[in-house]
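Residues -26 to -1, 1 to 450 (mature numbering (1 follows the signal peptide of the UniProt record, and there is no 0)) are what the sequence shown spells out, left to right. In what follows, a single structure is set out as structure tokens and then discussed.
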Amino acid sequence: MFKIIKFLLIIAILFSSISYIPAATAQVYIYNIEVFDMQNGSAKIYWETIEPTQARVYLGESPNNLDKFYFYSQFDSAHIVAFMGLQKNVTYYFKIVAINKAGGIMESFLQTFSTKNMVDTVAPEFSNSQVMQTTKDAAMVSWTTNEETKAEIFYGAREYDLNKKAGYGAYNKYHEIFLYNLTPETYYFVKIIAEDRGKNKQISFLNFKTAQTLDKNTALKIYQIEPANFDGELVHQNKVTLKWKTNFMAKSKIHYGLESGKYSKHADVLKDSHALEHEFTIEALEPNTTYYYKIEVYDSFYGKKAESGELTFTTSAFSVPVPQIKGVQSGSEYLDSDNDGLSDAYEYEIGTDPFKQDSDGDGYNDGNEMKHGWDPNVFGSSYDTRLQASNYYLPKRAYQYRLEKDRELRIYVNNRLGNPDVASKNWRILSDAYIYGGYPVEAIAAAIKHGGKTVHPTIPWSVWKNTSVYQQYINQ
């Protein structure tokens, strides 16, 4: 009996001891959240955690759609992130998700801030200002700004006496305006003053000459409608691409249906802009089916509008399999699914999303970011997101991708040269040339073995190999 009591006592003591062992916890605490330094389309978010953590910050204009995010990769107790591309007079919602070294996760409550009082001291920037078309006595001018602006337009036949004025009151990024009552075959000068909501202004100048032809008596015409007959490139099993041209800049619509003269469906092709060349893809069609359609063009010079006669197309009875290569459709080198100015093939190459115009969610179109030297894979626009010459003006690759390609290059080089001793600074240049510049392993190996001008740190291989400098060096 004594032995049983002794045994039970030992068990009780053991369990009692276990109950006092502090349990390992993965709990993370987030506090002191603050939004500050709100200016020029950016805002900084600060917060603290009781222990070093990484974090993701999600932000959006709706509590149910936090479509932008920033990954804070360092383990810190005090954190600051900056969001760019914010609009004035908008309420933003954000949430912080912190992760400690043990894998513990803590999510903050939904936070908000308003940009109503955001300071804007930076003038807007123009891009693609141009004269779209001229007639005998009119012209259409368009321009784009990097933020929403309104504008005043001054124009005249003498460069230093712009005695006519036109206003463009709505805040937009893309703008178009018709100028009327001009003199035929005369040079005109245009000054566009764009003003953002912070009353910052920027000026752009254009000039043009009015035409010899086209006036208010000229009929608006629709021509070169495609497909004229069956066209395997335009007509498919479940979709069709229609193309046409107009002699005046115009907006356009398509009306279509399954019965002649009865058009149950309608699509705006160009609703917010005008064009001379029009194209639209109708999807979700039935295979082996004849559709009837007509084209409507409107809001042209002099308020003109027109309609085509009734046309037809018949969808294919079957679809042709399309070979896939690395996730890219064959023949897709010119396909731009998200219409951001970068082909799908190129977006797969640089790691952006070919089906999303703004891959990094910072409010800037991927094609525009590339055009102006920003990295479309990195949120925001700061010095750190500038495309670097050392990367041959391509976006920075994901770390894991660069690591794998770097290892791949080391294996190739070691197999050829037997573990050569290369300084880390020089290796980074060679690695960038291989990953970004398209340099083959042979060129990298030659650079290590012979030095000199086999690899250029900023010019890609496709260009460098054809230069006289390279040719003279390699043939020595």
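Don't be surprised by glycine CBs; every beta carbon is placed ideally from N, CA and C.
Pair within 8 Å by beta-carbon distance, residue i and residue j
i	j	result
N102	T123	no
M106	H252	no
F45	Y66	no
S16	L84	no
I412	S442	The identity of residue 412 in the sequence shown is Gly, whereas the question assumes Ile. It is not a contact, given that the beta carbons lie outside the stated cut-off.
D92	D336	Contrary to the premise, residue 92 reads as Met rather than Asp in this sequence. Against a cut-off of 8 Å, the Cβ pair of D336 and M92 comes out as no contact.
Q198	K183	no
K175	I167	yes
L391	I422	yes
I409	R371	yes
D111	P158	yes
V55	I79	no
V209	S290	yes
I131	Y162	What sits at residue 131 in the sequence shown is Ala, not Ile. Cβ atoms of A131 and Y162: closer than 8 Å.
Y386	V415	yes
Cross-strand partners of residue i (DSSP beta bridge)
i	result
I79	I73
Y230	K239 and Y267
R132	D135
S116	Q104 and E150
H252	W218
K110	None; K110 has no bridge partner.
Y142	A125
F68	L33 and Q85
E281	E270
Inter-residue Cα distance where the pair is residue i and residue j
i	j	result
S226	K399	56 Å
P434	K379	17 Å
Q331	D41	13 Å
P369	Y320	11 Å
T255	L216	6 Å
H229	S317	29 Å
P(-5)	F329	With a pLDDT of 37 at P(-5), under the threshold of 50, the predicted position of this residue should be treated as unreliable, and no value is reported.
S178	A52	44 Å
N39	T108	44 Å
Y134	T286	54 Å
F10	D340	28 Å
T264	L232	7 Å
Q211	S238	20 Å
P98	Y145	12 Å
R30	H149	37 Å
E121	V164	21 Å
E207	V243	20 Å
Y367	L361	5 Å
I448	N440	11 Å
Y142	F100	15 Å
I127	V96	21 Å
E22	K69	14 Å
Q446	A241	59 Å
T428	L250	48 Å
K300	N14	Annotation note: pLDDT 39 at K300 (below 50); position unreliable, no value reported.
K278	L194	7 Å
Y5	E25	11 Å
M344	S234	47 Å
D273	N74	59 Å
Residue range of the unbroken alpha helix (DSSP H) whose run includes residue i
i	result
residue 462	Any question about residue 462 goes unanswered here, given that the chain covers just -26 to 450.
D406	S398 to I409
V443	S442 to I448
V437	W435 to W438
Span of the beta strand (DSSP E), counted from its first residue to its last, around residue i
i	result
D11	I4 to Q13
R30	S16 to G34
Y197	I196 to E200
Q85	Q85 to S88
S47	K42 to F57
T289	Element bounds for T289: n/a, residue is neither H nor E.
N181	K175 to K183
Y366	Note, Y366: premise wrong, no beta strand (DSSP E); not H, not E.
F163	Y161 to D170
Cβ-based neighbour list, residue i, same chain, cut-off 6 Å, excluding 5 preceding and 5 following
i	result
E81	V71
residue 453	It is not possible to answer for residue 453, since the shown part of the chain is limited to -26 through 450.
Q138	Looking at the sequence shown, residue 138 is not Gln but Lys. Counting only Cβ-Cβ distances below 6 Å, and skipping sequence neighbours, we find Y129 and G130.
N221	K195
S293	Residue placement at S293 cannot be trusted, given a pLDDT of 49 that sits under 50; the coordinates are not used to answer.
N181	F163
Cβ-based neighbour list, residue i, same chain, cut-off 7 Å, excluding 5 preceding and 5 following
i	result
K213	T255, I256, E257 and L259
F438	Before going further, note that residue 438 is Trp rather than Phe in the sequence given. Taken in chain order, the residues that qualify are H430 and Y444.
P201	L208, V209 and F287
Contacting residues, own chain, Cβ-Cβ under 8 Å from residue i (five flanking each side not counted)
i	result
S47	Q28
G283	K268
N388	P394
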